[in-house]
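Take this note's numbering: the final residue in the sequence shown is number 154, and no numbers are missing along the way. What follows is a set of notes on a single structure, which appears directly below.
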Amino acid sequence: MEFVETFLGSIFQRTGLFFHAFANQAAAPASALPVCRFYASANVMINSHFYSATQTECQFVANAYPGIWALESAAAFYVLVPDANGVCQGGTIPVHRFFNNRRDANHRYSNDLSVRRAMINRAWVPEGNGANGVVFCSAI
């Protein structure tokens, strides 16, 4: 974060918002899945991270965008995932993912419904399962 705050402070800023995840497989429930983390550098005019707990989506990004999106980790952290309708299990809340739908390909992740509304109002595209675009389930 120091790099982001020092060198990219005019572009990125901390929101103070967060969602819970598991640092490693040993700390996670058996049903948790690994989250792949990709990075597209400023060299390709993107400078953004992308996260997914869907193995097919991780593989798609790796195959479709070689030289653009570099896999930093196949298991950056572990999360619980929603069902196909975007419903999270009891004791968890949905984490939504939004895409800015621009060349710089930024995503935002949030479990806050007011942020969800604001992102949709700004024409960011919801991604994920169900009508609400749920990608992860965060412990309460």
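The C-beta atom is built at its ideal place from N, Cα and C for all residues, glycine as well.
| Query | Result |
| --- | --- |
| Check whether the region 80-87 touches the region 43-63, taking contact to mean three or more Cβ pairs, one atom from each stretch, closer than 8 angstroms. | yes |
| Take V139 and list the residues in its own chain whose beta-carbon comes closer than 6 angstroms to its own, dropping the five residues that flank it on each side. | F113 and N115 |
| With a threshold of 6 angstroms on Cβ separation, who are the neighbours of A153 within its own chain once the five nearest residues in sequence on each side are excluded? | H34 and T106 |
| When burial is assigned at 16 or more other CB atoms within 10 Å of the CB, is S128 buried or exposed? | exposed |
| Alpha carbon to alpha carbon, how far is R131 from A44? | 33 angstroms |
| Going by DSSP, what residues sit across from H121 in a beta bridge? | F113 |
| I'd like to check one pair, V148 with H110: are the Cβ atoms closer than 8 angstroms? | yes |
| Give the secondary structure of N143 by DSSP, where H, G and I count as helix, E and B as strand, and everything else as coil. | strand |
| Throw me the rounded Cβ distance for the Y92 and A46 pair, which I believe falls under 8 angstroms. | 4 angstroms |
| Whose CA, out of G100, V95, D97 and A89, lies closest to the CA of A37? | A89 |
| By the DSSP assignment, the beta strand (DSSP E) with V95 in it spans what residues? | It is not in any beta strand (DSSP E) - V95 carries neither H nor E in the DSSP assignment. |
| Could you have a look at F74 and say whether DSSP puts it in helix, strand or coil? | helix |
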